[in-house]
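Encoded as C-alpha cells, the structure appears first; notes follow it.
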Amino acid sequence: MRATWPAVALAAGGAAAQGITHTVYTTTTVSVAACPAPSTFATAVSSSHTPTTSSSTESSASTTKSATSTASSSSAAASASSTGSLTNAQQVGKSTWGTLSQPTFPKWLDAPNGTKYQTAPWGSNTVKNSDATVIGDVPVTNVTRHYDFTISRSQISVDGVLRDTILVNDQFPGPAIEANWGDWIEIVVHNNITAPEEGTALHWHGMLQRGTPWADGTPGDAQCPIAPGKSYTYRYQAELYGTSWYHAHYSAQYTGGVAGPMQIYGPSSQDYDVDLGAVMLTDWNHVPYFSIVTDVVGTDFSKIPPRSDNILINGRNSFNCSQPSYDNSTEWLGSNLKSSINWTCVEDAPLSKFQFQTGKTHRLRLINHGADGVQKFSIDGHSFTVISIDYVPVVPYTTNTITLAVGQRTDVLVTANNNSAKSYYMRTTTTGDDACGQSSAKEALAVVYYSGADTTTFPVYTSPTTPAKDCASDPLPSLVPSYPLKPSSNPYQQDLTLSLGRNSTGNFEWQINSQTYRANFNEPLLYDAAAGNTSNTFETQDKKNPLFNIFDFGSNSSVLLNVTNNTPVGHPFHLHGHNFYVLASGHGVWDGSLLGSANPTRRDTQWIDVGGYVVLQFEADNPGVWPFHCHVAWHLSGGLAINVATRTDEIVPIPKGTREQTCIDWDAYTKRDEVDQIDSGS
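Per the working numbering, the sequence shown runs over residues 385 to 1066.
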C-alpha cells in the first residue's frame, strides 16, 4: 500500500494549457524495514586501502526525552536505550564518517590487482599544464572501479532525534566513491526501498558524462527511475578530479539521506601530508522530505521557505531536546499508517571527531550536500589554503572561512601548528536570514583533536560570531583557475528570469521565464533527442519561452546565460554536463560589463543572490539534454529548472537496451501501482 496525494495542476498558460500532457507522480516515505548489513564502505574492489570498520565505542551518556512525531515503528528502529546512550549504529548506521576510526585517504589508488603505482597514474599532468575539460588531457588508465549500492529505509538519530531515512548501504553519509583521474567507475544500484516503495536514481554531481549522457542519473532526462525491487548499472569515466558528491535525483529524496562523497584523485598545486577525506555539511529536517515538499508546492506562503531543524557535520550534531520541532500531523500517512508514536530525543548526541597530526598539513574536502542552507565553515584558531572549488583547481589563497552554497565544494589545506595537547571546535553556521536558507540551529560543531590531546574531552566553547548577511561565495577575483582558459567569443545569449508564482489552483511554483518544470518519468528526453524525434518534444514558439522548459541551442558552439533573480531568496544554480565560466555577478540588472575574461572563474554550481544576477558562459561541446536548475531541493521540487539541449544531432549512439533497463520496469510498475507526482520530479 502506498499513500497518494492529489496532483498539482500546472500553471494556467503553461504546458497544460497548451495541450501537453505531463504525467504526475508522488512519493511517500513512512515505515521502516530492517536493512541489510553490507560492508562499512561500498565494495570498491580496486581500492588499495581498507577502511576500518566502525565500532560502537563512541557514545554519550545522555538524557532522553519523548516527543510526539509522525513515523511508523519498526524492529530495526535505532531508538535510544533506557540509559540514554546513543551508539554509532543508532546515530549513523554503518558509517565511519565523523569517528576517530575513519580512515585517511591516499594520494592515489593502486591498480585493481593490488599492484602499487610507483608514480602518479596521471603521469606528467599537473594543474598548470593540463585541464580535465580538455578531452585530450584526460589520462587513459584502462581501470574500472566497481561499487555496489543498496538503497533502503532505516531509522537513525543523527542529532539525537529518531527519524525515518533512506540510506545507501545503511550509512549516513553514504560510502565514498574513489577513483583516479581517468578511471572508469561502475556502480550497481539496487532499489530496495519498501514500506512504502519509491523509485530512485543517482546523479554524480559535476561529472561531465561526455560520451555517456545516459549515465547522468536524472529521471525524465537521462533515464526512467529505477523501479522498486530493481537494479541499474551506471558506468562513466572520471573525467574530472577533485571532490564532489552523488545523490538521489528523484524528487527531494536525497534530503532523506541518499547522498555520499566522491573523491577523484589527481594532481594538486600544493603538497600535503594527510588526506582526511570528505567533510560533508548539511542542514537537516526532522520531518520526512515529502511533507516539506507538500508545503512548498502548497498554498500557504508562511511555509515558504521552510527552515531546517538542525545542521550536521559528517552526519552528526546534537539537538536541544527541550525545544523540539516536530510535525504532529498524520495527513501525509497512508490509511494503514495513520498513527503517531513517541520518538526519543537524546540529549548531547555525539559530535563528529577529527584527528590532526601535530605539525602536519591536512586536506579537507568540504561539501555542502544540504537541502537549502548556505554554510560558513571554520575551525577555531586555524586558517585555510584553498586549492580547488567544485572540480576546478585554483591558484591557492588563504582565508579563515569557507562559504558553500548547496552543491558547492571547496578543497582546503590546514596545518596543525597549534598546541599539540589541545582540541579545537570545527563549526559551520548558516548565513544571513531565510534568503540564505537559515536553520533553527544556527550552528553545527565537530571536534578536532591534535596528536597529544585527550579525545574524551572537549574544547572550551566560545559563541560563534554572527555570520554576515551575505550568502555569496568568496569574491570572484579570488577564484582564479590554475589552468587558464578563455571563453569563446560571440556566444549565443539567452536571458533567464527567475520568479515565484502561483498556478491556476493557487499552488506555488518556481518559474524560469514564466514557465515551471515538470519531468515525465516515463519518457526520458535524451532518447527522443538521440533518435531525432524533436519535432514535438523540442518544438518552440519562441526560443525565450519554449515548451517543456527545453532551451534548444542547436549547433551554437558557446552559450551565455544572463540569469536575473526576481525572487525573495537566493539560488545555487547547477549545470549538468558542463563547467561554466562565471563572467559577472551583482545586484540589479546586468549592464553588459564583464569581469576579466582572460581566465574567469570556472565551476559547476554558482550562487545567485536575492535581487541579483549572474552571467555564465559554457562551451556547448557535450551533445545532449542537460538540466540547469536551482540546487535548493525545495525550489527544484517547485519547478525551478530548465533543460539545455545542445547539438542533439551529435549525441553519441546510446548502447542498445539502455533505455529499457529502467523504462520497461518503471512502465510496468506505474501501470500496476499509480504514482502521483506533486512536484517537478527532480
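We put the beta carbon where it would ideally sit given N, CA and C, even for glycine.
Residue i: which of the options sits nearest, CA to CA?
i	options	result
Leu967	Tyr997, Asp543 and Asn564	Tyr997
Gln593	Cys1014, Arg987, Tyr649 and Leu624	Leu624
Gly1023	Asp993, Gln895, Ala1052 and Thr1032	Gln895
Asp774	Trp492, Met591 and Lys1040	Met591
Thr814	Glu582, Ile786 and Asn803	Ile786
Ser772	Pro865, Ser736, Ala819 and Gly682	Pro865
Asp795	Val681, Asn784, Thr782 and Val770	Val770
Ala632	Asn1006, Arg1043, Ala1052 and Ile577	Ile577
Thr1032	Phe935, His958, Cys1047 and Asp1063	Phe935
Val730	Glu562, Asn704 and Gly613	Asn704
Pro734	Pro861, Asp912 and Asp543	Asp543
Lys760	Ser857, Val832, Ala825 and Val776	Ser857
Lys826	Tyr833, Val524, Gly1041 and Ser847	Ser847
Tyr845	Ser823, Ile763 and Leu909	Ile763
Thr488	Tyr620, Leu748 and Ala585	Leu748
Ala579	Asp600, Pro559 and Gly613	Gly613
Thr951	Ser469, Cys820 and Gln475	Cys820
Ile571	Gln741, Glu581, Arg547 and Gly601	Gly601
Return the chain-ordered list of same chain residues with a C-beta closer than 6 angstroms to the C-beta of residue i, the five sequence neighbours on each side being excluded.
i	result
Trp1050	Cys608, Pro609 and Ala611
Asn946	Asp879, Trp974 and Val999
Pro956	Ala789, Val790, Gly791, Thr989, Trp991 and His1015
Ser736	Gly482, Ile697, Asn698, Arg700 and Ala830
Ile1026	Ile896, Asn933, Phe935 and Phe1012
Ser767	Thr782 and Asn784
Gly765	Asn802 and Tyr808
Tyr638	His631 and Ala632
Ser430	Confidence in Ser430 is poor, its pLDDT being 32 and thus under 50, which makes the residue's placement too unreliable to answer from.
Suppose contacts are defined by Cβ-Cβ distances below 8 angstroms. Is residue i in contact with residue j by that definition?
i	j	result
Lys806	Ala837	yes
Val527	Pro496	yes
Ala1029	Phe937	yes
Phe1011	Leu944	Checking the sequence, you will find Pro at residue 1011 rather than Phe. Cβ distance not < 8 angstroms, so Pro1011 and Leu944 don't count as in contact.
Asp667	Val1009	no
Thr534	His587	no
Ala913	Ser1064	no
Cys855	Asp993	yes
Thr627	Arg811	no
Ala622	Pro557	no
Val658	His746	yes
Pro690	Val680	yes
Gly661	Ala560	yes
According to DSSP, what are the bridge partners of residue i?
i	result
Cys705	Answer by DSSP bridge pairing: none, since Cys705 is not bridged.
Ala982	Answer is none; Ala982 lacks a bridge partner.
Asn694	Trp668
Val966	Thr985 and Leu1000
Trp894	Leu884
Arg811	Ser762 and Leu829
Thr596	None; Thr596 has no bridge partner.
Ser536	Leu551
Pro865	Val778
Ala949	What sits at residue 949 in the sequence shown is Asn, not Ala. Answer is Leu882, bridged to Asn949.
Val770	Tyr781 and Val796
Use the C-beta contact count for residue i: other C-beta atoms within 10 angstroms, 16 or more gives buried, fewer gives exposed.
i	result
Val518	exposed
Phe964	buried
Arg1056	exposed
Asn752	buried
Asn1076	Since the first and last residues shown for the chain are 385 and 1066, residue 1076 lies out of range.
Thr1046	buried
Lys1040	exposed
Gln877	exposed
Ala982	exposed
Val758	buried
Gly641	buried
Glu1034	exposed
Ile1062	buried
Ser438	Unreliable placement is indicated for Ser438, whose pLDDT of 32 sits below 50; the coordinate value is still reported in the next sentence. The residue in question, Ser438, is buried, as its Cβ has 16 or more Cβ neighbours within 10 Å.
Glu1058	exposed
Phe674	buried
Gly583	buried
Phe425	Residue placement at Phe425 is flagged as unreliable, the pLDDT there being 26, under the threshold of 50; the coordinate-derived value follows with that caveat. Buried: at least 16 other Cβ atoms inside 10 Å.
The ligand NAP and residue i: does the residue's C-beta get closer than 7 angstroms to at least one heavy atom of that ligand?
i	result
Ile751	By its list of ligands, the structure shown contains no ligand whatsoever, and the ligand NAP lies outside what it can speak to.
Go through its chain and collect everything with a Cβ distance to residue i's Cβ below 8 angstroms, but skip five positions before and after it.
i	result
Lys512	Ser653, Ser866 and Tyr867
Phe685	Phe892
Lys687	Asp679 and Val680
Note down, in chain order, each residue of its chain lying with its Cβ closer than 7 angstroms to the Cβ of residue i, except the 5 sequence neighbours on either side.
i	result
Tyr616	Val573, Ile610, Gln1045 and Thr1046
Gln739	Leu484 and Tyr833
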